[in-house]
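Quick notes on the structure that follows.
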Amino acid sequence: VLSFDVSPDQHALAEVLDDFGRKVLLGSYRTRAASTDFFWGVQRTLGEMGVLGIGLPERYGGTGASPGDAVTLGLAAETLARADVNVAASPVQTGLVGAQLLDATPEVQERYLPPVIAGEEVLAIAVTEPSGGSDAAALRTVARPVDGGWLLSGEKIAVTWTMHATAALVYAREPGTQGARGIHCLLVPLDSPGVRTSAMPGMGCLPLGWGSMSFEEVHVPTSHLVGQPGQGLFAALEKFDFSRAALGLLCLGAAQASVDEAAAYACEREAFGKRIASYQGVSFALAEAQTFLDAARWQSYRALWLRDTGRPHRAEAAMSKWWAPTVASDAITAAMRVFGNLGYSCELPIQQRLRDVMSYFSADGSAEIQKRIIAVDMMGPVAAGR
Ligand SMILES: Cc1cc2nc3c(=O)[nH]c(=O)nc-3n(C[C@H](O)[C@H](O)[C@H](O)COP(=O)(O)OP(=O)(O)OC[C@H]3O[C@@H](n4cnc5c(N)ncnc54)[C@H](O)[C@@H]3O)c2cc1C
């Protein structure tokens, strides 16, 4: 089946977000991006617009489940990223958190889903550790069973929203277990005794409050187990299959805005007595970037559409997650060159987009790990060295 249509509702949402992006976000993107403060006002507005509760239950303020939710999430991320790459991460991160919380106890759902969907609070997802993130099944944080729950000890690193989150979904293993089996997902309020957080600002994405967390014998009650005991990592990996494609679209949205701006500039800027768009050295670079953006965009939407229609899509989501950030950063670089000295200048958003988009080379799994997933899909476990 081939279908490239979006529904009237999806089209209307994209129009509203595009308008919001142009009028409210774009002009202040660089100011927000230069600060580690969180954009709570914008987050609440996203909540009011319904983009933080796509596919999540109506009783908690979400939109309720619809057949095209994954594509809608991608559309929201792509559209918002044209104006602000970091704001565009909110629907994806919240979608990922929300999807995991659907496996939590009613107590946890009632406490956290309404404020997260309303944009009043954010939650982090803590998998990566100082000893490594690619081999997530080798994580070392331990959840030792005690009466009424667990005692959590270990360290997480490179976690988005650490500095803004009320709580984190922490992945920790039962002592004595190995590999992916035996890893629980635990909801841990970050003001619990024994939790410490610290910031680790990167070369971009400052407002995302990236940071590390340490846990020293933190008591986590049984009611804060999310999903089945020992199945936490498997459940999370299944959710990454939509967040990865949505993040690909986020990168492509930022790149498309850069290419559009460069194309408009090329039609006005003169050199050697002619508009620079008339030189094929300029116009072909943008034409090539546009070709790759177009191809990567449909590849990413196809992954989300496969999810929406209940078809296998793990390899396709992995393709979006490695290819789209590569295509996007190449396209942003091409746009930057067209602007000459201005492209490098902090007066334009292009350099900021490049720094923000580059975070997605690693966030949610590196390109190499995505290629490993694709290779296993093609050739079986032998491609993972098993
Ligand atoms: C902006 C940003 C946000 C992030 N947000 C979060 C978050 O919210 N929560 C969270 O838990 N983590 C988060 N991360 C961490 C991210 O998931 C990890 O960086 C990623 O999984 C890679 O892990 P690592 O950094 O430990 O690299 P490593 O696992 O040490 O890998 C180092 C290098 O070796 C390569 N490599 C490893 N194994 C193989 C292999 N088998 N074959 C080929 N190459 C291989 C990797 O691709 C990489 O290039 C974030 C990272 C960034 C940059």
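Numbers in my numbering are just positions in the sequence shown, counted from 1, shifted up by 216. For each residue, glycine too, the CB sits at the ideal point set by N, CA and C. Computed from a predicted model, the values in this text were never measured in an experiment.
Contact test: residue i Cβ vs ligand 1 heavy atom, cutoff 7 Å
i: W514; result: no
i: V332; result: no
i: I270; result: no
i: V324; result: no
i: W539; result: no
i: W426; result: yes
i: D285; result: no
i: T252; result: no
i: A579; result: yes
i: A342; result: yes
i: R360; result: no
i: G311; result: no
i: A374; result: yes
i: S350; result: yes
i: C421; result: yes
i: S575; result: yes
i: S582; result: yes
i: G464; result: no
i: G418; result: yes
i: I399; result: no
i: R588; result: yes
i: I585; result: yes
Boundaries of the alpha helix (DSSP H) in which residue i is found, first to last residue
i: L296; result: D285 to A297
i: A482; result: G448 to A482
i: E274; result: Here E274 belongs to no alpha helix (DSSP H), and DSSP marks it neither H nor E.
i: G601; result: No alpha helix (DSSP H) contains G601, which DSSP labels as neither H nor E.
i: E323; result: P322 to A334
i: I585; result: A583 to M595
i: I548; result: R530 to V554
i: E231; result: P224 to F236
i: L242; result: Premise fails: L242 is in no alpha helix (DSSP H) and is neither H nor E.
Residue i CB to nearest heavy atom of ligand 3 below 7 Å
i: V598; result: Looking at this structure, you won't find ligand 3 anywhere; what it does contain is ligand 1.
Nearest-angstrom beta carbon gap, residue j and residue i [assumed within contact, 8 Å]
i: V442; j: Q316; result: 6 Å
i: R327; j: L355; result: Contact doesn't hold; Cβ gap of about 26 Å is too wide.
i: S536; j: G464; result: 3 Å
i: M552; j: Q568; result: Contact doesn't hold; Cβ gap of about 11 Å is too wide.
i: L296; j: V303; result: 5 Å
i: T252; j: P417; result: 6 Å
i: A501; j: A550; result: 5 Å
i: G269; j: G278; result: 3 Å
i: A396; j: A353; result: 4 Å
Where residue i falls, given that 16 or more other Cβ within 10 Å makes a residue buried
i: K239; result: exposed
i: H440; result: buried
i: H227; result: exposed
i: M419; result: exposed
i: S459; result: buried
i: P409; result: exposed
i: V598; result: exposed
i: G243; result: exposed
Residue interval of the beta strand (DSSP E) (run including residue i)
i: P558; result: Just to set this straight, residue 558 is Leu in the shown sequence, not Pro. Per DSSP, L558 belongs to no beta strand (DSSP E); it is in the alpha helix (DSSP H), N557 to Y560.
i: R389; result: A383 to R389
i: R360; result: V358 to V362
i: I399; result: I399 to P405
i: S430; result: G427 to P437
Interface flag, residue i vs chain B, CB-CB below 8 Å
i: T295; result: Among the chains of the structure shown, chain B does not appear; only one protein chain is present.
Touching or not, the segment 263-279 and the segment 322-332, by the rule of three or more beta carbon pairs under 8 Å? Cβ pair count under 8 Å is three or more, so yes.
Contact between the segment 411-431 and the segment 374-384 (3+ Cβ pairs under 8 Å): With contact defined as three or more Cβ pairs closer than 8 Å, the segment 411-431 and the segment 374-384 are in contact.
Given 8 Å as the limit, is there contact between the segment 484-503 and the segment 524-534, that is, 3 or more CB pairs closer than that? The segment 484-503 vs the segment 524-534: no contact.
Tell me, please, whether the segment 561-580 touches the segment 505-525 by the rule of three or more beta-carbon pairs shorter than 8 Å. Touching, no, given that fewer than three Cβ pairs across the two stretches are closer than 8 Å.
Can at least three beta-carbon pairs, one atom from the segment 319-326 and one from the segment 360-368, be found at a separation below 8 Å? Segments in contact, no.
Validate contact between the segment 384-401 and the segment 347-362 using beta carbons, cut 8 Å, 3 pairs: A contact is defined here as three or more CB-CB pairs under 8 Å, and the segment 384-401 meets this definition with respect to the segment 347-362.
Would you call the segment 400-408 and the segment 427-438 in contact, with 3 or more CB pairs under 8 Å? The segment 400-408 vs the segment 427-438: in contact.
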